[in-house]
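Position one of the sequence shown corresponds to residue 7 (my numbering), numbered consecutively onward. We treat Cβ as the ideally placed atom computed from N, Cα and C, and that holds for glycine. Being a predicted model, the structure only gives us computed values, none of them experimental. Since the structure comes first, as structure tokens, the remarks are kept for the end.
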Amino acid sequence: MTKQSILMRAVFAVTLISILAACAAKLSAPEQPLRLYAFDCGIIEVLDVSLFQPGIGEGERKTLVNTCYLIIHPEGTLLWDTGLPDALVNTPEGTTLYEVFVMRVTKTLAAQLKEINYPPEAIDFLGISHMHGDHVGNADLFPQAMLLMQKEEYDAAFGANPNKFGFNPTAYPTLHSNPVKKLEGDYDVFGDGRVIIKRTLGHTPGHQALYVKLAETGNILLSGDLVHFTDNWVHKRAPSFNFDKERTVTTMNEVEEFLEENQATLWIQHDKEQNAGIKHSPAYYE
Ligand SMILES: [Zn+2]
Numbered sequence: 007m008t009k010q011s012i013l014m015r016a017v018f019a020v021t022l023i024s025i026l027a028a029c030a031a032k033l034s035a036p037e038q039p040l041r042l043y044a045f046d047c048g049i050i051e052v053l054d055v056s057l058f059q060p061g062i063g064e065g066e067r068k069t070l071v072n073t074c075y076l077i078i079h080p081e082g083t084l085l086w087d088t089g090l091p092d093a094l095v096n097t098p099e100g101t102t103l104y105e106v107f108v109m110r111v112t113k114t115l116a117a118q119l120k121e122i123n124y125p126p127e128a129i130d131f132l133g134i135s136h137m138h139g140d141h142v143g144n145a146d147l148f149p150q151a152m153l154l155m156q157k158e159e160y161d162a163a164f165g166a167n168p169n170k171f172g173f174n175p176t177a178y179p180t181l182h183s184n185p186v187k188k189l190e191g192d193y194d195v196f197g198d199g200r201v202i203i204k205r206t207l208g209h210t211p212g213h214q215a216l217y218v219k220l221a222e223t224g225n226i227l228l229s230g231d232l233v234h235f236t237d238n239w240v241h242k243r244a245p246s247f248n249f250d251k252e253r254t255v256t257t258m259n260e261v262e263e264f265l266e267e268n269q270a271t272l273w274i275q276h277d278k279e280q281n282a283g284i285k286h287s288p289a290y291y292e
């Protein structure tokens, strides 16, 4: 064997070993953890809770919190719901809607995102549970984000009569120009099964929830408005103003099975008592 061919064989062997080592490292590398932040996206004082549980608690008040979330995945960022409009921060006494909801914002979503160095332009995907004003309030901060929405919700929000569904187009003036992926079922956002939009119809025509699998914290389902507070979840009650009340209850029962099968916890976005036990941004869950 010539000196040259020995050298070439050596070079080949070293190259092969380093390729194999790189492959092995990739195979055994642990998945980069997901991170989940919860934001204070306002407060809603309900002046008659029986709206949410027909025939029960007529004339009684109930405070609902309003929560938005940011998911940091190695492949991108997903904001889940955009809350009440940040502009409400300028009306500390609150703004009344339909004579029954008094809404307040004390911290803007924009400021909370900036605080953790994810300003609005750093958001890749916008997941909106549904198009009611307390979930879509700051959507115009994210014109670049890919909107992920069930087709029925999109059609209702941008169709001929959005008011029929309780949607107010002045709450989402620029959203129609966002890039959009219209969904017709569940959707695995990053393709690895860790962040999945769940089609959960009933509250609105194309309502959806968000399933997140966190390495340390466990599996969580962010409710959207599938349910507004724990008592209604326990008793499977649907608000009088829901798009399809029967469908809501069917969905609740399906979701309850899903939670059991996946050992997942339901985080009810409007539930004040449950949210008091959840750490909010800048703290986070992994
Ligand atoms: Zn809501």
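When the Cα atoms are used, what is the spatial distance from residue i to residue j?
i, j, result
"residue 170", "residue 163", "10 angstroms"
"residue 32", "residue 93", "Confidence is the limiting factor: at residue 32 the pLDDT is only 48, short of 50, which leaves the residue's position unreliable, though a coordinate-based value still follows. Near 47 angstroms, if we compare the C-alpha coordinates of residue 93 and residue 32."
"residue 198", "residue 66", "45 angstroms"
"residue 230", "residue 140", "11 angstroms"
"residue 245", "residue 59", "5 angstroms"
"residue 213", "residue 205", "7 angstroms"
"residue 26", "residue 37", "Residue confidence for residue 26 is low, a pLDDT of 49 falling below 50, so the modelled location carries little weight; the figure read from the coordinates is stated next. Approximately 20 angstroms, taken between the alpha carbons."
"residue 270", "residue 228", "10 angstroms"
"residue 34", "residue 196", "Because residue 34 sits at a pLDDT of 49, beneath the cut-off of 50, its placement in the model cannot be relied upon, and the following sentence gives the value as read from the coordinates. Going by the C-alpha atoms only, they are around 20 angstroms apart."
"residue 129", "residue 76", "9 angstroms"
"residue 80", "residue 106", "42 angstroms"
"residue 290", "residue 120", "15 angstroms"
"residue 161", "residue 189", "11 angstroms"
"residue 110", "residue 96", "9 angstroms"
"residue 157", "residue 263", "25 angstroms"
"residue 51", "residue 237", "17 angstroms"
"residue 211", "residue 154", "15 angstroms"
Please state whether the Cβ-Cβ distance between residue i and residue j is less than 8 angstroms.
i, j, result
"residue 159", "residue 136", "yes"
"residue 53", "residue 142", "no"
"residue 249", "residue 209", "yes"
"residue 148", "residue 179", "no"
"residue 276", "residue 72", "yes"
"residue 220", "residue 40", "yes"
"residue 165", "residue 247", "no"
"residue 223", "residue 279", "no"
Across which residues does DSSP place residue i in a beta bridge pair?
i, result
"residue 114", "Paired residues: none, contrary to the question."
"residue 205", "214"
"residue 133", "86, 154"
"residue 194", "202"
"residue 273", "228"
"residue 107", "52, 103"
"residue 77", "42, 84"
"residue 68", "52"
"residue 3", "Because the chain is modelled from 7 through 292, residue 3 falls outside the range shown and cannot be assessed."
In chain order, what residues of the same chain lie with their CB nearer than 8 angstroms to the CB of residue i, ignoring the 5 residues before and after it?
i, result
"residue 239", "233, 258, 272, 274"
"residue 29", "Low confidence applies here, because residue 29 scores a pLDDT of 46, under 50, leaving its location unreliable and the question unanswered by this model."
"residue 215", "135, 203, 204, 206, 227, 228, 229, 230, 232, 261"
"residue 201", "40, 77, 79, 84, 194, 195, 216, 217, 218, 219"
"residue 283", "none"
Is it buried or exposed for residue i, if we count other Cβ within 10 angstroms and need 16 for buried?
i, result
"residue 104", "exposed"
"residue 203", "buried"
"residue 84", "buried"
"residue 281", "buried"
"residue 254", "buried"
"residue 191", "exposed"
"residue 133", "buried"
"residue 117", "exposed"
Less than 7 angstroms between C-beta atoms, sequence neighbours within five positions excluded: which residues of the same chain meet that for residue i?
i, result
"residue 6", "A query on residue 6 cannot be resolved here, the shown segment of the chain reaching from 7 to 292 and no further."
"residue 122", "43, 287, 288"
"residue 4", "Residue 4 falls outside the range modelled here, since the chain spans only 7 to 292, and no answer is possible."
"residue 175", "168"
Cutting at 6 angstroms between CB atoms, please list the residues of its own chain near residue i, excluding the five before and the five after it.
i, result
"residue 185", "152"
"residue 242", "255, 258"
"residue 268", "225"
"residue 251", "244"
Return no unless some Cβ of chain B is closer than 8 angstroms to the Cβ of residue i.
i, result
"residue 254", "Among the protein chains of the structure shown there is no chain B, as only one such chain exists."
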